[in-house]
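Since the structure comes first, as structure tokens, the remarks are kept for the end.
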Amino acid sequence: MSDLKSLIKEKLNDGADAFLCLKEEEGTLLPALITDADSPDLELAAVGEARYPLGKILIDLLREYPDKRFAVLVRGCDERALIELSKLEQVDLDRLVMVGVACTEEEARACGCPRPYPSEVALGEKVEAAPGRETIAEVESLSDAERLRWWKEEFSRCIKCYGCRNICPMCFCKDCALENPHLVEPGVIPPEFPSFHVIRALDMAGRCIDCGLCEEACPADIPLRSLYRRMQEIMEEKLGYRAGESAEEKSPLSFLGSEQDIKKLERE
Amino acid sequence: MADNGKKLDYRLVPSTCVYCGTGCGVLLEVTDGRVTGTLPQKDHPVSRGALCIKGWAAHEFVHSDKRLTRPMVRVDGKLVETDWDTALQTVAEGLSRAAKEHGPEAVGFFASARCTNEENYLLQKLARAAVRTNNVDHCARLCHASTVAGLAMSFGSGAMTNSIGELEDAEVILVVGSNTTEQHPIIGEKILAAARKGAKLIVIDPRSIHLSDFAQIYLRPRPGSDVAFINGLANVIVSEGLEDRDFIAARTEGFEEFRKAVAEYTPERVEELSGIPAADLAAAARLYAAAERASIVYCMGITQHTTGTDNVLALANLAMLTGNIGKPCAGVNPLRGQNNVQGACDMGGLPNVYPGYQRVNDEETAAKFEAAWGVEGLPRQPGLTVVEMTDLAAEGELRALFIMGENPMVSDPDINHVRQALQKLDFLAVADIMDNETLEYAHVVLPAASFAEKDGTFTNTERRVQRIRKAVEPVGEARADWEIVCGIAKKMGAAGFDFSSPEEIFEEIRKVTPSYAGMSYARLGTRGLQWPCPAEDHPGTPILHTESFPIGKGKFTALEFREPAETPDEEYPLVLTTGRLLFHYHTGTMTRRSPSLVREIDRAFVEVNPADAAELGIRDGERVKVSSRRGSVEVDAKVTERVGKGVIFMPFHFAEAAANLLTNPALDPVAKIPELKTCAARIEK
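These protein sequence lines are chains A and B, in that order. Be aware that the first sequence starts at 13, since it is given in the working numbering, and climbs by one per residue. Be aware that the second sequence starts at 562, since it is given in the working numbering, and climbs by one per residue.
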């Protein structure tokens, strides 16, 4: 198994214009874009424990630098995000090289990750972990009225920071329904229940890759992931689709595509 | 769409949020030389990877077209662009002339709670060492002057006694005069986290705020009745024998006098004075006193009164009475408003103290600074406060004023009076990042660099000194305030302003400021250090007063309730109280240029209780005129139960309907803080 620094050098030699990973600087871990083998950042490059939305960063980088090719260090969740983003036509996988890192057992357990490794692992050892379903099971055991009350209480702490959306690698729309004054009254906290959170949950259907960054960014510790995970389960049960699994199969809820495809769908 | 071989430039730069005093860790995203985004710093000791909406939008104003980009001087009544050399020379001459012709006391300086420690340090050094005046003050006067004064009297140190993270493990949290989830959102969420872990919340506020929904006990007092109800809480604790006698005996003095004073404040009498039901007040007192770890959190609802210092002293009394000082998850915790209001005070941006709260009228201290700065004859008399400088400018006694990063034409009470004062000045120079209302009266305007365009440090509300880092070049010709101050000083011929970086300035700061002595940029890193940090091997101090107080024993103060300066009458039958909203900051120069924040709300309003609205025939959303003895503004009425009957509330962010045209500049006699939280008003259709 090779180490991260050699992998970065290798990819930069093999035609990638830059390598997106994390670095450890002044005692903190943060994303870094390394553009050449002489960069001082190379010595600071690290796998680390903190996670940042690298997929989201790549959407912008690929757009800002349309002639460049990128390599990126991916965990299982990052890979799922990039695969789904490519199907949503937000990233071009042909201009991307993914270098896989497997999460440690401790990380996988802390995240309750269903698949804590990418399809090809260059760093680390694959481990398995069970997705945490405790909250979902607890909520599912409630009656409809109780469940509504339960969620209402959880969401009552929301201060409308939009952190769940802002950090989400799968949220890229220029016009966000959460900011539509006809759907959600602006300027008040907690934001309208349930519209604000239902809009976001529905947008996650067929899209959420279960990375858990939303929960990490939530100042109110709202169990958002349990809501989106339930959406994921429904998608899987009813439509047999899991976001980020295969690069070919499109989401059944995806309306993005050529105009012809959309017209064809309308005819059918 | 080829990028023509555009060089890849994408970086993340660790910094500190520029809005409130929580001091959350941010990473500024830089793409191609521009700040394009903000991410939370995942492992930050305060914010731990979360931000509020303002934090997420911290970059949005940086490249606004309202940024000032060229120096300007007033010629024939109009501001015209000029070069830096001319602008700095004009400022130096304007200040020097006033000092020469009318004496140094005719010159004043407004420091800034938005600027770095390094910049505030230099500004007070300019005032004291170059002009020889102690007339240096800043907007802390308008927010927590009463905290600085009050807590210094009770404990010997006017700062938050405990740390933000400790709130999560408190048993009881008494939140009074702080709309925490809106004004310090990340701290507000720590209070809610404590509640989820079983902590009991007591919320006391004239408005029923977001936090009230989670409170075990919510009390709605009449605005300005604070001393009455806090004395009332103490009365119940003493009369039921719930006080901490060991702590009182070992750590405090003045208890007897205090006990006698609060004996008069029975819950029944307090009900008459404050409107809080006697039984509810007693229940709150019992809940607070019974906890092993009870924390008091307060903000401007306590401080912005003519009794502000008394209000703070009363809270300090309450904490000492129950032994809730000097231990984890307890204490008296003022939440400082601006990102660096703590630091601007620490740096001596106050008329009576040098950096580190060393008194200007102490001979030994003055001699120490004369030696350190290589000057003689530093003034021994404390200078003027912000509000006094405004008054004396209006009277023609203060002739020249330098304002660094403040907008008194929106932020200060009684704006009409502020306008008269600024118009009367012989010379006004303003350094700011944005076009704003105050520039209209400036003779020189200096474009300043924003937090994303310079290095330096901010000190958050829990005394944590944290770095900001230059992420991009300043817009246009803008320069960092520390460079501006050095430039003016050199034009005035003053020595001691040869700095080539903020780090060099910080090195001088730690030499003259004992509580910062152990800090360096390298040690601050991305987590900062909490003062006092007296030596390089000292880990910083999360909790103050664990063994003793800086003044030896804690001092109880016997306090009597006084009515606010203005109470409702026939002509002005309502009480107007003012404050901020989650989505904006102060005068809006930054937040109202941030699309994500403007989208939430961009219009002034007045909250009116449904009973008052019915009496006045006002419907929700209707345009109304709000008036006080000082002026009137037109705003939309918001009919809501959030305010009690007889009370109206207005946010003060909106210059076009400025709440501060109405507010009362009456001052607290000790701290000279104006009574922004209560005045008499009326509403008409």
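Quick reminder that beta carbons are idealized off the backbone N, C-alpha and C, glycines included. Quick caveat: nothing in here was measured; it's all calculated off a predicted structure.
Burial state of residue i, where buried means 16 or more other Cβ atoms lie within 10 Å
i: N894/B; result: buried
i: M13/A; result: With a pLDDT of 41 at M13/A, under the threshold of 50, the modelled position of this residue cannot be trusted; read the value that follows with caution. Exposed.
i: N192/A; result: exposed
i: V1005/B; result: buried
i: I1244/B; result: buried
i: L154/A; result: exposed
i: D1098/B; result: exposed
i: E804/B; result: buried
i: K1246/B; result: exposed
i: R1109/B; result: According to the sequence as given, residue 1109/B is Ser; it is not Arg. Exposed, by the Cβ-count rule.
i: G759/B; result: exposed
i: G638/B; result: exposed
i: Q102/A; result: buried
i: G802/B; result: exposed
Check: residue i C-beta below 7 Å from any heavy atom of the ligand SAM
i: R609/B; result: Looking at this structure, you won't find the ligand SAM or any other ligand, since it has none at all.
Amino acids of chain B, ordered along the chain, whose beta-carbon sits closer than 8 Å to that of residue i
i: L45/A; result: L569, Y571, R572
Beta-carbon proximity of residue i to residue j, cut-off 8 Å
i: G175/A; j: I221/A; result: no
i: G1192/B; j: L1237/B; result: no
i: V596/B; j: V623/B; result: yes
i: T1128/B; j: A1220/B; result: no
i: A731/B; j: C890/B; result: yes
i: V591/B; j: V1036/B; result: no
i: W1043/B; j: A690/B; result: no
i: T1239/B; j: P601/B; result: no
i: I725/B; j: V607/B; result: yes
i: N878/B; j: F808/B; result: no
i: L42/A; j: P575/B; result: yes
i: N1264/B; j: Q903/B; result: Residue 1264/B lies beyond the range of chain B shown here (562 to 1246); nothing can be said about it.
In DSSP terms, what residue i is bridged to
i: G1113/B; result: F1110/B
i: Y915/B; result: Q919/B
i: D993/B; result: P1008/B
i: I964/B; result: F671/B, V991/B
i: L34/A; result: P43/A, A58/A
i: R1040/B; result: A1009/B
Within chain B, partners of residue i - CB distance below 7 Å
i: N178/A; result: W617
i: L73/A; result: Y571
i: A58/A; result: Under the 7 Å cutoff, chain B gives no residues; its nearest Cβ is about 13 Å from A58/A.
i: S168/A; result: D774
Selection from the options that minimises the alpha carbon distance to residue i
i: G1207/B; options: A1175/B, D1197/B, N1225/B, K603/B; result: A1175/B
i: A618/B; options: I1112/B, T599/B, S608/B, R1184/B; result: T599/B
i: L1158/B; options: P575/B, T1201/B, P889/B, K615/B; result: K615/B
i: Y64/A; options: C223/A, E260/A, R237/A; result: C223/A
i: M965/B; options: M995/B, G944/B, V1033/B; result: M995/B
i: A1056/B; options: S856/B, V1046/B, G862/B; result: V1046/B
i: L684/B; options: L1105/B, A844/B, I1070/B, V607/B; result: I1070/B
i: R757/B; options: G935/B, Q777/B, G836/B; result: Q777/B
i: I763/B; options: D787/B, L1105/B, Y779/B; result: Y779/B
i: A1050/B; options: R854/B, A688/B, I1066/B, S786/B; result: A688/B
i: T870/B; options: A1242/B, I1234/B, T1239/B; result: I1234/B
i: M721/B; options: R1190/B, F1166/B, Q1091/B, L1177/B; result: Q1091/B
i: T951/B; options: L1120/B, K985/B, A653/B, E925/B; result: K985/B
i: V111/A; options: M247/A, L195/A, V133/A, A93/A; result: V133/A
i: E817/B; options: M1053/B, L1120/B, V858/B; result: L1120/B
i: A30/A; options: A44/A, F82/A, G39/A, K17/A; result: F82/A
i: A811/B; options: D1181/B, I886/B, A843/B; result: I886/B
i: E829/B; options: K821/B, A822/B, D841/B; result: D841/B
7 Å Cβ cut-off: residues of chain A touching residue i
i: Q602/B; result: T40
i: L588/B; result: L42
Cross-chain neighbours of residue i in chain A, by beta carbon under 8 Å
i: H1004/B; result: Near H1004/B there are no residues of chain A at all, since even the closest Cβ is about 38 Å away, more than 8 Å.
i: E1161/B; result: K172, P198, G199
i: L1143/B; result: I171, K172, I201
i: P1261/B; result: Since the first residue of chain B shown is 562 and the last is 1246, residue 1261/B is not available in this structure.
i: P1103/B; result: None at all; the shortest Cβ gap to chain A is about 18 Å.
Beta-carbon neighbours of residue i, restricted to chain A and to distances below 9 Å
i: C554/B; result: Absent from the structure is residue 554/B, since the part of chain B shown begins at 562 and ends at 1246.
Minimum Cβ-Cβ distance from residue i to chain D less than 8 Å
i: T592/B; result: Absent from the structure: chain D. Protein chains present are A and B.
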